[in-house]
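Taking full-length UniProt numbering, I'd label the letters of the sequence shown as residues 1 to 499.
Where a beta carbon is used, it is the ideal one built from N, C-alpha and C, also for glycine.
Being a predicted model, the structure only gives us computed values, none of them experimental.
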Amino acid sequence: MKLSERLRSVEGTAADAPQAVSLPVVSPAGGGETTTTAAPPAVVVLAKSSPTPLPGFSEPYESRARGQQPVDAFAALKQRAATALFERLGSRFNDSATKEEDLRSSAREELTRIIDAEQVPLSAEERSRLVRDVADDVLGYGPLQRLLDDPAVTEIMVNRMDQIYVERHGKLTLTESRFSSEDHLRKVIERIVSKVGRRIDESSPLVDARLEDGSRVNAVIPPLAVGGSSLTIRKFSKVPLTVRNLIEFGTLTPEMAELLNACVRAKLNIIVSGGTGTGKTTLLNVLSSFLPNDERIVTIEDAVELQIQQEHVVRLESRPPNTEGKGAVTIRELLRNSLRMRPDRIVVGEVRGGESLDMLQAMNTGHDGSLSTVHSNSPRDAVARLETLVLMAGMDLPLRAIREQIASAVNLIIQISRLRDGTRRITHVTEVQGMEGDIVTLQDAFVFDYSAGVDAHGRFLGKPVPTGIRPRFIDRFEDLGIHVSPGVFAAPLAPAGRA
Numbered sequence: 001m002k003l004s005e006r007l008r009s010v011e012g013t014a015a016d017a018p019q020a021v022s023l024p025v026v027s028p029a030g031g032g033e034t035t036t037t038a039a040p041p042a043v044v045v046l047a048k049s050s051p052t053p054l055p056g057f058s059e060p061y062e063s064r065a066r067g068q069q070p071v072d073a074f075a076a077l078k079q080r081a082a083t084a085l086f087e088r089l090g091s092r093f094n095d096s097a098t099k100e101e102d103l104r105s106s107a108r109e110e111l112t113r114i115i116d117a118e119q120v121p122l123s124a125e126e127r128s129r130l131v132r133d134v135a136d137d138v139l140g141y142g143p144l145q146r147l148l149d150d151p152a153v154t155e156i157m158v159n160r161m162d163q164i165y166v167e168r169h170g171k172l173t174l175t176e177s178r179f180s181s182e183d184h185l186r187k188v189i190e191r192i193v194s195k196v197g198r199r200i201d202e203s204s205p206l207v208d209a210r211l212e213d214g215s216r217v218n219a220v221i222p223p224l225a226v227g228g229s230s231l232t233i234r235k236f237s238k239v240p241l242t243v244r245n246l247i248e249f250g251t252l253t254p255e256m257a258e259l260l261n262a263c264v265r266a267k268l269n270i271i272v273s274g275g276t277g278t279g280k281t282t283l284l285n286v287l288s289s290f291l292p293n294d295e296r297i298v299t300i301e302d303a304v305e306l307q308i309q310q311e312h313v314v315r316l317e318s319r320p321p322n323t324e325g326k327g328a329v330t331i332r333e334l335l336r337n338s339l340r341m342r343p344d345r346i347v348v349g350e351v352r353g354g355e356s357l358d359m360l361q362a363m364n365t366g367h368d369g370s371l372s373t374v375h376s377n378s379p380r381d382a383v384a385r386l387e388t389l390v391l392m393a394g395m396d397l398p399l400r401a402i403r404e405q406i407a408s409a410v411n412l413i414i415q416i417s418r419l420r421d422g423t424r425r426i427t428h429v430t431e432v433q434g435m436e437g438d439i440v441t442l443q444d445a446f447v448f449d450y451s452a453g454v455d456a457h458g459r460f461l462g463k464p465v466p467t468g469i470r471p472r473f474i475d476r477f478e479d480l481g482i483h484v485s486p487g488v489f490a491a492p493l494a495p496a497g498r499a
């Protein structure tokens, strides 16, 4: 049966109109106050049967207040409004030529007319909520839509259908939003992954995808997710952050920004190191803003996140295998292919496997100025992590040879961390100086000053400060005519404790 036919088959069972109707004011979490208002004859109350759920639409919330029937008149009204909306605009929902904004605008206009025809006494707030909820469920992502629209929310974490956390300003908080059922959550997940040509079911219970705005999505469903389907969305900033923004946030200082700008222009090979959610990709975006406009840039990513602003850019994205396990294109294959594309710069979103060997070889064979990220907790850990990743390439190389590759290829490691107060700070800018015996030698140029302590709100007062040691690559700057202010390396600081 077609979707439109299924929607037309949805009918409510009308009971005798009572003298008054309890209309729960439903919050995104399904709770809310109950107010009693006089009901006109046109009000339909479903007392014996729940409305049939629409495909992709939430199940009606059931009121759990003592003495009430398990019927939610507000949810029933939402159901009827959604059904009527599909009857009027159903053909346009599947029309790929219709723009999302036009469809949403038309849907809101039709919903207003539908609600007027219902003649239900709703306050302005209830009416606005009804229109928004129906539009979000039918056209958007249900209770997630408002979180996606909130610019303060940077990450959304759905642990189960009734537990949704968000990250705001670096802090995790539990929201009042929830899905009405596991089925509702699954329908939203399926809607997300289907838009990018992926599928998720018991035979393929986890998937990586992205929303139309570029936000990164990871979904896991049962049987792998034991407590119910899980969904994580890392939102994609519509406007890329600039170096000025990071200075204002305290992530870096003007002196550090001047040094990093010079490092990028001097074509140093740079690795951004950090844990999950520390802002590695954001920092990589800022570093890429220093790239000259007259250079050819090739970016390689698992899921496109980089927002390179230069014009001469080729963006490559890996491809997972199809349902038959074929057709995959890996980061390593893309990296090898990029060497034949005459790149001036290669930017790899993240190295996490054997492609690290190919990247190091590219850095060592004339492709200077490459940028990438790696998961690790310190500059020394970043070197060890690269050693491990090179071994994953399947080449039987002695450890010393791997370390020599790293010491020769990588010039600078930038460590970014998420501190206890939720802020992201650059904690180390470290030069890779070479080999001393069997050890890769590192020298910090900047470190974060933990000794400054915290304020009354627990926020760190420190900032990245120079160690007073002049990096060896400054000589390279002078050869290229790149000048750095003498004050950049002033004010030496004894190493401070870590958070």
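I'd like the list of long-range same chain contacts for residue i, defined as Cβ closer than 8 Å, with 5 residues on each side in sequence excluded.
i    : result
T441 : A407, V432, Q433, G434, M435
G487 : E255
K171 : G422
V454 : D421, F460, L461
A152 : R168, H169
Mind checking residue i: buried by the 16 CB within 10 Å criterion, or exposed?
i    : result
E355 : buried
E126 : buried
T35  : With a pLDDT of 43 at T35, under the threshold of 50, the modelled position of this residue cannot be trusted, and the question is left open.
G349 : buried
A42  : With a pLDDT of 41 at A42, under the threshold of 50, the predicted position of this residue should be treated as unreliable, and no value is reported.
S485 : exposed
I114 : buried
V188 : buried
G279 : buried
I346 : buried
G30  : The pLDDT assigned to G30 is 42, lower than 50, so where the model puts this residue is not dependable, and the model offers no usable value.
V383 : buried
T112 : exposed
A135 : buried
T173 : exposed
D116 : exposed
L206 : exposed
T242 : exposed
G369 : buried
S229 : buried
Measuring alpha carbon to alpha carbon, tell me which of the options ends up nearest residue i.
i    : options                : result
T365 : L246, M392, R336, P379 : R336
V410 : L287, P240, L371, A152 : L371
F446 : P343, T253, A124       : T253
K195 : F249, P343, R459, A209 : A209
I192 : L139, V383, N293       : L139
R352 : N377, M392, G327, P379 : M392
P121 : A362, P320, A73, S229  : A73
I233 : Q119, R342, I482, Y141 : Y141
V217 : Q119, E118, L144, L103 : L144
L231 : I164, A382, V313, D116 : I164
R342 : P320, T323, V313, D479 : V313
S318 : E324, G458, T330       : T330
S203 : N293, D137, T323       : T323
N244 : D162, F473, A452, F290 : Residue identity differs from the one stated: residue 244 is Arg in this sequence, not Asn. The candidate whose alpha carbon is nearest that of R244 is F290.
S237 : G394, P320, E190, D150 : D150
Quick one: residues in its chain with C-beta nearer than 6 Å to the C-beta of residue i, no 5 flanking neighbours on either side, listed in chain order?
i    : result
L316 : I300, L334
G227 : R160
K235 : T154, S215
I402 : E387, V390
P40  : Because P40 sits at a pLDDT of 41, beneath the cut-off of 50, its placement in the model cannot be relied upon, and the point is left open.
P240 : N285, Q307
D162 : R178
Looking only at its chain, what residues have a beta carbon closer than 7 Å to the beta carbon of residue i, apart from the 5 residues adjacent to it on each side?
i    : result
R88  : E110
S376 : S273, A382, R385
Quick test of your reading: residue i and residue j, contact by CB under 8 Å. State the CB separation rounded to the nearest angstrom.
i    : j    : result
T281 : E305 : 5 Å
A225 : I200 : Actually they are not in contact, since the Cβ atoms of A225 and I200 sit about 11 Å apart, beyond 8 Å.
L85  : A107 : 6 Å
D358 : R332 : 6 Å
I297 : Q310 : 6 Å
L148 : V166 : Rounded, the Cβ-Cβ distance is 10 Å, inconsistent with contact.
T430 : P379 : 4 Å
A362 : L339 : 6 Å
A328 : I482 : In fact, because the Cβ distance is near 41 Å, the residues do not count as touching under 8 Å.
K463 : G250 : 6 Å
P471 : Q443 : 7 Å
Looking at chain B, is there any beta carbon in it that lies within less than 9 Å of the beta carbon of residue i?
i    : result
L419 : Looking for chain B here will not work: only one protein chain is present.
*If we count Cβ pairs, one from each stretch, closer than 8 Å, do we get three or more for the region 255-267 versus the region 181-191?*
no
*Are at least three pairs of beta-carbons, each pair with one atom in the region 277-296 and one in the region 380-399, less than 8 Å apart?*
Short answer: they don't touch.
*asked:* Quick check: the region 271-282 against the region 415-423, are at least 3 beta-carbon pairs closer than 8 Å?
replied: yes
*Flag this pair as touching only if the region 201-220 and the region 419-429 have three or more C-beta atom pairs under 8 Å; answer yes or no.*
No, because fewer than three Cβ pairs between the region 201-220 and the region 419-429 fall closer than 8 Å, the two stretches do not touch.
_the region 113-133 in contact with the region 152-160 per 3-pair CB rule at 8 Å_ = no
*Flag this pair as touching only if the region 130-138 and the region 79-86 have three or more C-beta atom pairs under 8 Å; answer yes or no.*
yes
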